[in-house]
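J.: Heads up, the sequence shown is in UniProt numbering, so the first residue is 1 and it goes up one at a time.
Even for Gly, the Cβ is constructed at its ideal location relative to N, Cα and C.
Computed from a predicted model, the values in this text were never measured in an experiment.
Pasting a structure here, questions to come.
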Amino acid sequence: MTHLYKSALVLTTALLTLASCRPDVPSVPAATAVQINGTRVLNATSIQFGVTALNGTAVVGTGQISNPSVAFTTPGVTGSASICGQITAQNVVTAAVSLDATGSMSSTDPAQNRKLAAKAFVDRLTGDSQAAVLSFEASSTPSAGLLASRLQQAMTGDKALLNTAIDKATYASGSTNFYDAVVDAVKVAKESGRTNPIVLALTDGIDNASSNTANQAIAYAKTNSVPVYAVGLDATNTINFSEMERIASETGGLFRSNISSADLNDYFSKLYNAFTAQGCVQINLAAAPATGSAIEGTLTLDITDTGKATASLKVPFSYTVR
Numbered sequence: 001m002t003h004l005y006k007s008a009l010v011l012t013t014a015l016l017t018l019a020s021c022r023p024d025v026p027s028v029p030a031a032t033a034v035q036i037n038g039t040r041v042l043n044a045t046s047i048q049f050g051v052t053a054l055n056g057t058a059v060v061g062t063g064q065i066s067n068p069s070v071a072f073t074t075p076g077v078t079g080s081a082s083i084c085g086q087i088t089a090q091n092v093v094t095a096a097v098s099l100d101a102t103g104s105m106s107s108t109d110p111a112q113n114r115k116l117a118a119k120a121f122v123d124r125l126t127g128d129s130q131a132a133v134l135s136f137e138a139s140s141t142p143s144a145g146l147l148a149s150r151l152q153q154a155m156t157g158d159k160a161l162l163n164t165a166i167d168k169a170t171y172a173s174g175s176t177n178f179y180d181a182v183v184d185a186v187k188v189a190k191e192s193g194r195t196n197p198i199v200l201a202l203t204d205g206i207d208n209a210s211s212n213t214a215n216q217a218i219a220y221a222k223t224n225s226v227p228v229y230a231v232g233l234d235a236t237n238t239i240n241f242s243e244m245e246r247i248a249s250e251t252g253g254l255f256r257s258n259i260s261s262a263d264l265n266d267y268f269s270k271l272y273n274a275f276t277a278q279g280c281v282q283i284n285l286a287a288a289p290a291t292g293s294a295i296e297g298t299l300t301l302d303i304t305d306t307g308k309a310t311a312s313l314k315v316p317f318s319y320t321v322r
């Protein structure tokens, strides 16, 4: 064997050895989509979005957010984006679900889509996850120990019992006592004695019958460390849900409105995703927009995860300045 041949053989062997030692480049993305779960308004120029990364329909619970940016489509609006919380996952959900049963629900949700949405939410409970079901309106006698709500089902993981309770909670009668209903739901969530309880509250109107104020409802929720996720049913985006938004924001929950009853199933599903794994992206506006302005744009962010390819994802957003 010639010296030249030996040298070539050694070089080839070395290259093959290096190639075999080179780590594989990940091809599976860390996520395929990202969803916005709702807003949390800190002040006129600082708005946070709860975000959940997804692989198909599966929630990503181990990824990290990086490189957030924002592009506004609303004329004259500028600003930047930052991370306000990395993705945090929890395997157990504890939710007090409070459903509006006031008279106006007969027109805003004539097909009773809230019933289907709540049942779909319950169907996703797994393991040790539990929920309670309450209804509220001002014409009925509340359950013992509550201000405004009927406790249709105490905290349980029994889906049959929860679905029966949702059926009972789906009616329409009376005025809106939302602030009292929030206090009731927080009480039920807290007294369950379970870790990280939350409230999911749905209404289609402005409070006109509570003994508590919005500030008192906020204080009670904060004292008990129970965030309120509030959903305002308002397809025309004409109802002033500013106090409801404030309750969600100041208790550490999220707010969403300008949705129709047909959107409830999708949105309740997003909220379940939020309760299982969620991060936070904040937009910081250069100037405060006028009250009533609709702010729209697109968030771009990277999702990284060990052994996965970085996913650069975009998601549109919109919210109304209240």
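Tyr171 by DSSP, collapsed to three states: which one?
T.: Coil, per DSSP.
J.: Is Val28 helix, strand or coil by DSSP?
T.: Residue state, collapsed to three classes: coil.
J.: Give a yes or no on whether the C-beta atoms belonging to Asp184 and Ala148 are separated by under 8 angstroms.
T.: Yes, these two residues count as a Cβ contact at 8 angstroms.
J.: Which residues in the same chain have their Cβ closer than 6 angstroms to the Cβ of Ala33, if we skip the five residues on either side of it in sequence?
T.: Leu54.
J.: By DSSP's criteria, Val182 is part of a beta bridge. Which residues make up the other side?
T.: None; Val182 has no bridge partner.
J.: By how many angstroms is the C-alpha of Asn215 removed from the C-alpha of Thr291?
T.: So the two alpha carbons sit approximately 21 angstroms from each other.
J.: Ala33 by DSSP, collapsed to three states: which one?
T.: If DSSP states are grouped into helix, strand and coil, Ala33 belongs with the strands.
J.: Unbroken alpha helix (DSSP H) runs of length 4 or more, entirely within the segment 109 to 157: which are they?
T.: Whole alpha helix (DSSP H) segments, 4+ residues: 113 to 123.
J.: From Thr62 to Thr88, what distance separates their C-alpha atoms?
T.: Cα to Cα, Thr62 sits roughly 8 angstroms from Thr88.
J.: Which residues share a DSSP beta bridge with Phe255?
T.: Per DSSP, Thr39 and Ala230.
J.: Using a Cβ-Cβ cutoff of less than 8 angstroms, which residues in the same chain neighbour Thr298 once the five nearest sequence positions on both sides are dropped?
T.: Contacts found: Val70, Ala71, Thr73, Lys314, Val315, Pro316 and Phe317.
J.: Leaving aside the five residues before and after residue 327 along the sequence, list all residues of the same chain whose C-beta is less than 7 angstroms from its C-beta, in chain order.
T.: Given that the chain is displayed from residue 1 to residue 322, the structure contains no residue 327 and the question cannot be resolved.
J.: Looking at the secondary structure, which residues open and close the beta strand (DSSP E) in which Ala286 lies?
T.: Element bounds for Ala286: n/a, residue is neither H nor E.
J.: How far does the alpha helix (DSSP H) with Thr78 in it extend, from its first residue to its last?
T.: Where Thr78 is concerned, there is no enclosing alpha helix (DSSP H), given that its DSSP letter is neither H nor E.
J.: Taking only the alpha-carbon atoms, compute the straight-line gap between Tyr220 and Val186 and give it to the nearest angstrom.
T.: Going by the C-alpha atoms only, they are around 8 angstroms apart.
J.: What residues in its chain sit with their C-beta under 8 angstroms from that of Pro26, if we drop five residues either side in the sequence?
T.: Result list for Pro26: Gly307, Lys308 and Ala309, in chain order.
J.: Take Gln64 as the anchor and find which of Gly279, Ile239 and Val93 has the nearest alpha-carbon.
T.: Of the candidates Gly279, Ile239 and Val93, the one whose C-alpha sits nearest the C-alpha of Gln64 is Gly279.
J.: Within this structure, are the beta carbons of Ser269 and Ala120 separated by less than 8 angstroms?
T.: Result yes, Cβ atoms of Ser269 and Ala120 sit closer than 8 angstroms.
J.: May I have the straight-line CA-CA distance separating Val228 from Ser98, to the nearest angstrom?
T.: Rounded to whole angstroms, Val228 to Ser98 spans 10 angstroms at the Cα level.
J.: Could you compute how far the alpha carbon of Cys84 sits from the alpha carbon of Val93?
T.: Straight-line Cα distance between these residues: approximately 22 angstroms.
J.: On the DSSP letters alone, give me the boundaries of the beta strand (DSSP E) that Asn265 sits inside.
T.: Run containing Asn265: none in the beta strand (DSSP E); it sits in the alpha helix (DSSP H), Leu264 to Thr276.
J.: Are the beta-carbon atoms belonging to Gln112 and Val133 less than 8 angstroms from one another?
T.: Result no, Cβ atoms of Gln112 and Val133 do not sit closer than 8 angstroms.
J.: When you compare the CB positions of Leu254 and Arg40, do they come within less than 8 angstroms of one another, or not?
T.: It is a contact, given that the beta carbons lie within the stated cut-off.
J.: My output table needs one value for Asn215: the three-state DSSP class, helix, strand or coil.
T.: Helix, per DSSP.
J.: Just to confirm the assignment, what range does the beta strand (DSSP E) spanning Ile295 have?
T.: Note, Ile295: beta strand (DSSP E), Ala294 to Thr304.
J.: So, helix, strand or coil for Lys314, using DSSP?
T.: DSSP places Lys314 in strand when its eight states are reduced to three.
J.: Thr126 and Asn237: beta carbons closer than 8 angstroms?
T.: In this structure, Asn237 does not lie closer than 8 angstroms to Thr126 by Cβ.
J.: Could you pull the start and end residues of the beta strand (DSSP E) that Ala96 belongs to?
T.: Taken as a continuous stretch (DSSP letters only), the beta strand (DSSP E) holding Ala96 covers Thr94 to Asp100.
J.: Using DSSP with H/G/I as helix, E/B as strand and the rest coil, what is Thr203?
T.: Of the three classes helix, strand and coil, the one that applies to Thr203 here is strand, per DSSP.
J.: Measure the C-alpha to C-alpha separation of Pro289 and Ala58 and round it to an integer number of angstroms.
T.: If I take the Cα positions, the gap works out to 36 angstroms.
J.: Please name the residue or residues paired with Phe49 in a DSSP beta bridge.
T.: Phe49 pairs with Thr39 and Val281.
J.: Where DSSP assigns a beta bridge to residue 323, which residues make up the other side?
T.: Outside the displayed span of the chain (1 to 322) sits residue 323, for which this structure offers no information.
J.: Thinking just about the alpha-carbon of each residue, which of Thr108, Asn273 and Asn91 is nearest to the one in Asp128?
T.: Per the Cα distances, Asn91.
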